[in-house]
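A short worksheet on the structure shown next.
Residue numbers (our numbering), protein chains in the order written: chain A, 15 to 418; chain B, 22 to 452.
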């Protein structure tokens, strides 16, 4: 930094654009901008010409027109007279639903398989190894189709449940596995059930508050309060008590066989189940690898040191190994969640009405508005992805090792 | 107690022969005690898993070994099985050409894709295994052109012209690269363009009609062949693009950096299906009005963009993992950017990124099944479309899906084992 360069002598020469480092990057960027502008102009020009030839224009007015098709699984009010925009909304909600369900289930599968793969039990760890390899190396689309086939071709039809000696029976008299989907009891929210739900939420908050209090007491006085049984108690007792105090407002609507189909209860359609399980089992295999890698990344010295301090194995896991392993596990875990969300677009292969199937499928085919539909679809997925990666960055910054 | 004094205490004079360890502490029993029945929960876990394995095998093995390999229809197959459990593998033998080559690839020409497939091993071998003689790279060099000619047929002039363009480009590059890399590179590109443009006039009209190999349109290709074609083409095209994108993202020029960042993040943010929708319904609008680009090429473009973005991120990780000293050492040797990248940075960064790139390649190969959603008849498309809906084989799910799953498993597992081998092989940090 002490060297003094002579101020540039003489006038500006054209060769300096290439040879002088001060101008060179500007030159390259100008060329890049030119190429970019030219290709945008070229593509845009082609687009305009093609649209004019086909007699089309870009307009989003079709979103207000009636959709004219039915959707079998909806979370909000929807009829075939609703607009395309509402159909897209139904699709978006369905995408979020399947993504949420599959994320939860995949985490359960993945954590279980990842932990079991490190088990001392030779048979179990090998079995989990086989599970991971098989599911990672076969396309998720094939898994979706396989589970969808099991749901539709292997499960008994509803009429198999009829007669005095039915071929199929309901599980616990509440769950029916049929080729039209799985029927489960649906809760009926009677008057006063809001109080019960609020009590439940309050007791969840109570559990966290109690645990925090227990930790505080431990650090302040060294007295160890029991946490496990009080948590369990807080979880169940107030809600059940309130349920009976309010006169049992919440009841279950069991599916009942009537005619050729089940009525009542909640029907989880075959496409939903297929997509849910296939995505969770497939992604679970990837999560299992992440979990295993995360646990193995914590050096053995850490758990040995904790053991030397006299901690029991459960506490070593929860106080020493897991907090360090989670730092390694969570970023790839979140990107797996992102993958689940993106892979849920495969719903279109089994006819689950997610946003790709409504907006990118039926709406697109009915209106012929290919460009608009695909752009909206991309915008939706892009929003989700960017949101999730934003959350991930915030998390990464918060758990980053604070050095110096 | 009283007469211990007058009896001589027993003193052993020779060592007793070594006894074998107790039965419970040796061999298989010890191993089982330690690895299968170490504790009660462990034993329960073992029994449960053993039961799971048994029930799977008990269901699947008879089904496989009882399989029928010769029948014309599902009904005939069920007749042979006569109520016993067994698979109808006859569907695989009867529909083999459709599963592998697609619905309408001319049967007399099946030898062409088969030959291309065999050649693939010879072309890939020198790239994958460094111990093989370097001369084998010549096969790799010619492979794309030969395969194009074998698969699509038609006049041999097109692949020769394409090859000539590359040769011309390479010669020009060699001539100018000593001056500056940019001059060599762009000179080469322009030379290749000129050769292709001029050559375009030299190919006579109707050359395809009386060609040595019968021309086959891309829409006639399908089955597992289509998956292989898409996988191999897109991965090999996307690695150079991915390198460029990764370097662009690391660039100090803000405009170039942001172009690359926007491209990468956009592609990574949307599912492959939407990109395939773009290929099938939207991309045609962006080509010149009179041109007609066929669906295969459009899909290749989109999948290549997709995997290039992911590979760029992997390579960026490799670039970021290099110690800063490597960059500074290259600078202090007086190398310019292109030389530093080519000689110092990229060889190391690519080596670090190989496992990641292979992972992306495996994922991409699996994702080629998605083209069945935009009604291309790859292996999944063939199974779900023409085969399962035919009256002969309506209802043969497990044999077909199992076959497709097996093909993918063998390929993908093989590639990932290769990548682990390569990782061990390239590990230079001797510890």
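Note that CB positions come from ideal geometry on N, CA and C, so glycine has one too.
Express the C-alpha separation of residue 219(A) and residue 227(A) in angstroms, rounding to a whole number. 12 Å
Unbroken beta strand (DSSP E) runs of length 3 or more, entirely within the stretch 389-418 of chain A: which are they? none
Any idea what DSSP makes of residue 190(A), helix, strand or coil? strand
Return the CA-CA distance between residue 295(A) and residue 149(A), expressed in angstroms with no decimal places. 7 Å
Using a Cβ cut-off of 7 Å (strictly closer), state whether residue 57(B) contacts chain A. yes
As an exercise, report each continuous beta strand (DSSP E) stretch of at least 3 residues that is fully enclosed by the stretch 367-420 of chain B, in chain order. none
Determine, using beta carbons only, whether residue 41(A) comes closer than 7 Å to chain B. no
Under 8 Å by Cβ, that's how I've got residue 328(B) and residue 379(B) pegged, so tell me the actual separation to the nearest angstrom. The Cβ separation is near 12 Å, so there is no contact.
In this structure, how does DSSP classify residue 122(B) when only helix, strand and coil are distinguished? helix
Run through chain A and tell me which residues come within less than 7 Å of residue 307(B), C-beta to C-beta. 57, 60 and 61
Rounded separation between residue 190(B) and residue 109(A) - CA only: 49 Å
Closer than 7 Å to chain A by CB, residue 370(B): no
Just to make sure I have the definition right: I need the residues of chain A whose C-beta is within less than 9 Å of the C-beta of residue 405(B). Which are they? 159 and 363
Inspect the beta-carbon positions of residue 417(B) and residue 89(B) and report whether they are closer than 7 Å. no
Option nearest residue 330(B) by Cα separation, candidates 270(B), 356(B) and 223(B): 270(B)
Between residue 243(A) and residue 116(A), is the Cβ-Cβ spacing less than 7 Å? no
For residue 80(A), write down the residues that DSSP places opposite it in a beta bridge. 97(A)
How about residue 211(B) and residue 263(B): do their beta carbons lie closer than 7 Å? no
What are the boundary residues of the beta strand (DSSP E) that includes residue 201(A)? 200-203
Going along chain A in order, which residues have a C-beta closer than 7 Å to the C-beta of residue 137(B)? The contacting residues do not exist; residue 137(B) stays about 23 Å from chain A at best.
Which residues in the same chain as residue 22(B) place their Cβ atom closer than 6 Å to its Cβ, once the five residues preceding and following it in sequence are excluded? Confidence at residue 22(B) is low in this model, with a pLDDT of 48, below 50, so the placement of that residue should be treated as unreliable; the coordinate-derived value is given next. So the list is empty, once near-sequence residues are dropped.
State whether the stretch 313-322 of chain A contacts the stretch 333-345 of chain A, with contact taken as three or more CB pairs (one from each stretch) at a distance under 8 Å. yes
Can a CB atom of chain A be found closer than 7 Å to the CB of residue 292(B)? yes
Looking at C-beta atoms only, is the number of pairs between the stretch 338-348 of chain B and the stretch 216-223 of chain B that lie closer than 8 Å three or more? no
Quick one: what's got a C-beta closer than 6 Å to residue 359(A)'s C-beta in the same chain, skipping five residues either side? 370
Hey, how far is the Cα of residue 173(B) from the Cα of residue 236(B)? 6 Å
Between the stretch 235-269 of chain B and chain A, which residues of the former have CB atoms less than 7 Å from a CB of the latter, in chain order? none
Would residue 324(A) be called buried (16 or more neighbouring beta carbons within 10 Å of its own) or exposed? exposed
Less than 8 Å between the CB atoms is what I'm expecting for residue 399(B) and residue 247(B), so what's the real figure, rounded? 4 Å
Between 246(A), 50(A), 207(A) and 162(A), which has its C-alpha nearest residue 224(A)'s C-alpha? 246(A)
How should residue 27(A) be labelled, buried or exposed, when 16 other C-beta atoms within 10 angstroms of its C-beta is the threshold for buried? exposed
Taking only heavy atoms of the ligand NAD into account, decide whether any of them is closer than 6 Å to the Cβ of residue 424(B). Among the ligands in the structure shown, none appear at all, so the ligand NAD cannot be discussed.
Take residue 428(B) as the anchor and find which of 213(A), 152(A) and 57(A) has the nearest alpha-carbon. 152(A)
Just checking: is the beta-carbon of residue 64(A) within a distance shorter than 7 Å of some beta-carbon in chain B? yes
Chain-ordered residues of the stretch 350-375 of chain B with a beta carbon less than 8 Å from chain A: none
Pop quiz: residue 168(B) and residue 204(B) are said to be a contact at Cβ under 8 Å. What is the actual Cβ separation, rounded to whole angstroms? 32 Å between Cβ atoms; not a contact.
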